[in-house]
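Asker: Counting with the working numbering, you get residues 1 to 466 for the letters of the sequence shown.
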Amino acid sequence: MLLPEKKEREYRFGLALRMGLPIFGLILVLVFTTLITNYENLSAAFYIESSVLLLVSVYFILYLIYKGFDVTITDPVSKTFTREYLYEYLKEQIPKHAHYTLMLISVDNITDINEQYGIKNGDKVLRYFAKWLGEYLEKKGFSDFPLGRIKGGDFLIGLEGSANEHKVLIDLLCLKSGEFKIENIEVKISGAITDTGFSKNIDHLIDHLFEQQEINHYKKEANFDAIDPNELESLVIEAIENSSISIAFQTVFDADKKAQFVELFVRIKTKKERYIYQKKYKKVINKLGLTLDFDMMLFENVLQNIERFETKRVAVPIATSSLRNPLFLEKIRQLLDGKEKMGSRFIFLFSENEYYFKTKKFNTILNSYKELGIRFAVDQLGVAHTSFLYLRDLDIDIVRFDSGYTKEDRLEESADIIKGFGYIAHTRGIRTWVKMIEEELQFNLAKELGVDYFQGKYLSQMKEIS
Numbered sequence: 001m002l003l004p005e006k007k008e009r010e011y012r013f014g015l016a017l018r019m020g021l022p023i024f025g026l027i028l029v030l031v032f033t034t035l036i037t038n039y040e041n042l043s044a045a046f047y048i049e050s051s052v053l054l055l056v057s058v059y060f061i062l063y064l065i066y067k068g069f070d071v072t073i074t075d076p077v078s079k080t081f082t083r084e085y086l087y088e089y090l091k092e093q094i095p096k097h098a099h100y101t102l103m104l105i106s107v108d109n110i111t112d113i114n115e116q117y118g119i120k121n122g123d124k125v126l127r128y129f130a131k132w133l134g135e136y137l138e139k140k141g142f143s144d145f146p147l148g149r150i151k152g153g154d155f156l157i158g159l160e161g162s163a164n165e166h167k168v169l170i171d172l173l174c175l176k177s178g179e180f181k182i183e184n185i186e187v188k189i190s191g192a193i194t195d196t197g198f199s200k201n202i203d204h205l206i207d208h209l210f211e212q213q214e215i216n217h218y219k220k221e222a223n224f225d226a227i228d229p230n231e232l233e234s235l236v237i238e239a240i241e242n243s244s245i246s247i248a249f250q251t252v253f254d255a256d257k258k259a260q261f262v263e264l265f266v267r268i269k270t271k272k273e274r275y276i277y278q279k280k281y282k283k284v285i286n287k288l289g290l291t292l293d294f295d296m297m298l299f300e301n302v303l304q305n306i307e308r309f310e311t312k313r314v315a316v317p318i319a320t321s322s323l324r325n326p327l328f329l330e331k332i333r334q335l336l337d338g339k340e341k342m343g344s345r346f347i348f349l350f351s352e353n354e355y356y357f358k359t360k361k362f363n364t365i366l367n368s369y370k371e372l373g374i375r376f377a378v379d380q381l382g383v384a385h386t387s388f389l390y391l392r393d394l395d396i397d398i399v400r401f402d403s404g405y406t407k408e409d410r411l412e413e414s415a416d417i418i419k420g421f422g423y424i425a426h427t428r429g430i431r432t433w434v435k436m437i438e439e440e441l442q443f444n445l446a447k448e449l450g451v452d453y454f455q456g457k458y459l460s461q462m463k464e465i466s
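(1) Using a threshold of 8 angstroms, state whether the C-beta atoms of residue 101 and residue 152 are closer than that.
(2) Have a look at residue 224 and residue 381 and give me their C-alpha separation to the nearest angstrom.
(3) Rounded to the nearest angstrom, how far is the Cβ of residue 378 from that of residue 365, given a contact under 8 angstroms?
(4) Once the 5 residues before and after residue 21 are set aside, which same chain residues still bring their CB inside 8 angstroms of it?
(5) Buried or exposed for residue 269, going by 16 or more other Cβ atoms inside 10 Å?
(6) Compare the beta carbon distance of residue 90 and residue 191 with 8 angstroms and say whether it is the shorter of the two.
(7) Does residue 191 come out as helix, strand or coil in the three-state DSSP assignment?
(8) Between residue 221 and residue 332, what straight-line distance do the alpha-carbon atoms span, to the nearest angstrom?
(9) Enumerate in chain order the residues of its own chain whose CB-to-CB distance from residue 109 is below 6 angstroms, with the five nearest sequence positions on each side excluded.
(10) Hey, would you say residue 323 sits closer than 8 angstroms to residue 346, going by beta carbons?
(11) Please classify residue 221: does DSSP put it in a helix, a strand, or coil?
(12) What residue range does the beta strand (DSSP E) around residue 378 cover?
(13) Using a Cβ distance threshold of 8 angstroms, determine whether the stretch 163–170 contacts the stretch 121–134, with at least three qualifying pairs required.
(14) Spatial neighbours of residue 433 within its chain, please: CB distance less than 6 angstroms, with the 5 preceding and 5 following residues excluded, ordered by chain position.
(15) Nearest to residue 437 by alpha carbon, out of 431, 421, 80, 461?
(16) Between the Cα of residue 308 and the Cα atoms of 174, 249, 278, which residue gives the shortest distance?
(17) Rounded to whole angstroms, what is the Cα-Cα separation between residue 172 and residue 155?
(18) What residues are listed by DSSP as bridge partners for residue 521?
(19) At what residues does the alpha helix (DSSP H) containing residue 364 begin and finish?
(20) Please report how far the alpha carbon of residue 207 lies from the alpha carbon of residue 287, in whole angstroms.
(21) Mind checking which residues open and close the alpha helix (DSSP H) that includes residue 465?
(22) Just tell me which of 305, 442, 200 has its CA closest to the CA of residue 97.
(23) Please go through the same chain and pick out, in chain order, the residues whose beta-carbon is closer than 7 angstroms to the beta-carbon of residue 218, but skip the five residues on each side of it.
(24) Along the chain, which unbroken stretches of the alpha helix (DSSP H) at least 4 residues long are found entirely within the stretch 297–341?
(25) From the DSSP secondary-structure annotation, give me the bridge partner or partners of residue 434.
(26) Which one of 406, 464, 75 has the shortest CA to CA distance from residue 439?
(27) Are residue 245 and residue 303 closer than 8 angstroms when you measure CB to CB?
(28) Taking residue 251 as part of the alpha helix (DSSP H), name the residues at either end of that continuous run.
(29) What does DSSP give as the partner residues of residue 148 in its beta bridges?
(30) Taking the straight line between their C-alpha atoms, what separation do you get for residue 411 and residue 442?
(31) Looking only at C-alpha atoms, which of 326, 134, 43, 294 sits nearest to residue 361?
(32) Name the two residues that bound the continuous beta strand (DSSP E) containing residue 101.
(33) Within 10 angstroms of its Cβ, does residue 33 collect 16 or more other Cβ (buried), or is it exposed?
(34) Under three-state DSSP, which class holds residue 186?
(35) For the beta strand (DSSP E) that residue 398 lies in, which residues bound it at each end?
(36) Suppose contacts are defined by Cβ-Cβ distances below 8 angstroms. Is residue 449 in contact with residue 430 by that definition?
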């Protein structure tokens, strides 16, 4: 048992004694007074009733105290509903209405606020923001609506009606993010909205809200291929069990326009010839804990089809959690056993948001794969801070610049950045790679900047093998 749990028990027990002893004492006084003054006229039933009353009183007091600690409906920081109570409340409300809307409103920079102004000020921001949010909705004519904090700076609101009825409301809320301040602290707001037309399951609705918010953040508009969440989970599980995937590829060239390797793009293929793209299935796989199973299935499928690609080497996207899992390494060894130099045909492409600090351990794992001939490429250089740290700390072979440096004719304005990162990579013996090269001018400029590998529609179109 952890120390907080022990202290919690001690505190509860002490409080129970302080509250229970006076009542217990009063009952004893009552019983003894009755015994002293009327002992000759008391029947046996009195003694039985007194004992039962005493036991029931003590039990009832202790039960109320312990149960009272278990039931907390307000968040101590924001004074809104706790996540647990909010979920239970919404589960009761959703079936009662033909249409019910959930809105996710987030303080995006709460982590920065905590770091710059301190946690106490961060808590104050959340408390004032929740109050402002409630007052804003009340001014718009809403009352008695559930509002709760589900994590960090993320607040969830439930409203009767469909999402279309309330979309203007959330748009106006998000527009205020550019000017909203609490005690001179800038507060950045973002939001998302969905309703029970998507799903009646509260967990699926909330997952959908976070997906929407992420897409809104990067693309400004959310365009969803609506698939029922339960159906999506079933399709993903079925695809992994049956190795039902579709693989497309695009060739990557060197400065002399000679093909060097291909990058693979994986979709899940359903029985109805419907395709589910990575953006949608990846989160489901992670949520179901099937990332390792998916990557194992993918590698086996690619190995079986290796001769169908245009180049000897293929870049396969693999999750870092799989790379660091001993079971995955053992599976790769088994599949490559007896296949001489087959491992040298693979490049594992990876990136992650959180830096893995045990780099020595990570390097040891990577070198175990390298003994099989496998090479490694890190993606999103120049955007994800982890990619730069891995460029610095890991024994990798290739780094790929984020597409933001090349798309929409941004290559020229990014020239100094590409040169700088390229210099760092080349001094460590690491090759550089850019994608989304759409025209000859871009290719020539990237070539002048010393990039090693080039990918894009100018050089090669996307092709499918299955």
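Cβ coordinates follow ideal geometry from the N, Cα and C atoms, glycine included.
From a predicted model like this one, the values you see are computed outputs, not experimental measurements.
Answerer: Let's see:
(1) no
(2) For residue 224, the predicted structure reports a pLDDT of 41, less than 50, and the residue's modelled location is therefore unreliable. A value from the coordinates is still provided. Straight-line Cα distance between these residues: approximately 28 angstroms.
(3) So it is not a contact: roughly 14 angstroms between Cβ atoms.
(4) none
(5) buried
(6) no
(7) strand
(8) Because the pLDDT at residue 221 is just 38, under 50, the model does not fix this residue reliably, and the point stays unresolved.
(9) 188
(10) no
(11) Any answer about residue 221 is weak, because its pLDDT of 38 lies below 50 and its placement is not dependable; what the coordinates show is given next. Coil at residue 221, not helix or strand.
(12) 375–381
(13) no
(14) 398, 400, 453
(15) 461
(16) 249
(17) 16 angstroms
(18) Absent from the model: residue 521. The displayed extent of the chain is 1 to 466, so no value can be given.
(19) 359–370
(20) 10 angstroms
(21) Residue 465 -> no alpha helix (DSSP H), and no H or E assigned at all.
(22) 200
(23) Only weak support exists for where residue 218 lies, its pLDDT of 41 falling under 50; the value from the coordinates is given anyway. Taken in chain order, the list of residues that qualify is empty.
(24) 320–323, 326–336
(25) 454
(26) 406
(27) no
(28) First-last for residue 251: 245–253, but that is the beta strand (DSSP E), not the alpha helix (DSSP H).
(29) 81, 156
(30) 7 angstroms
(31) 326
(32) 100–107
(33) exposed
(34) strand
(35) 398–401
(36) no
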